[in-house]
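Numbered per my numbering, the sequence shown spans residues 5 to 127. In this text, a Cβ means the ideal position worked out from N, Cα and C, and glycines have one as well. Contents: one structure, followed by commentary.
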Amino acid sequence: MKRVIVILVVIAVVGAGGWWALREFEARQAAQETAAADDTEVLDELNNIIWASGNLEPVTWAALNPLSPGLVTAIFVQQGDWVEAGDVLVALDDAVSRGAVEQAAAALAEAEAALAKLKAGAS
């Protein structure tokens, strides 16, 4: 009977040791799989970087067409700045426009004087 108890104890110890070894093996296997997955994620991130040389082309080009001619007296933006529709980009010399306004005012005054002369002669 004593011998049977010793054999059962030995079997229990071997079984417990085997069970413990199996748990350790599975834990290490899971840790290795997690580490491999982390390495794959890092490699995926690294694979998304592209090194290249060349010229960048804008998606859309915009032409700058002022409504009136004139010399540029000031530039309010620099190359690479982001601008939106309606932003003031440059200031133009308004001497030509002022001259045209003065000529129009003189022509108006002349026409009004001629009209006044006609009205005075008709009465």
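Through-space distance from residue j to residue i, alpha-carbon basis
i, j, result
"G84", "P62", "11 Å"
"A78", "L112", "33 Å"
"L75", "V87", "22 Å"
"A117", "V92", "40 Å"
"D98", "A108", "15 Å"
"V17", "V10", "10 Å"
"Q36", "L26", "15 Å"
"A104", "A95", "18 Å"
Beta carbon of residue i nearer than 8 Å to that of residue j
i, j, result
"V100", "P70", "no"
Where residue i falls: helix, strand or coil (DSSP)
i, result
"L119", "helix"
"I54", "coil"
"A16", "helix"
"L75", "coil"
"V87", "coil"
"L93", "coil"
"A67", "coil"
"Q36", "helix"
From the options, residue whose alpha carbon lies closest to that of residue i
i, options, result
"G90", "R7, W24 and A66", "A66"
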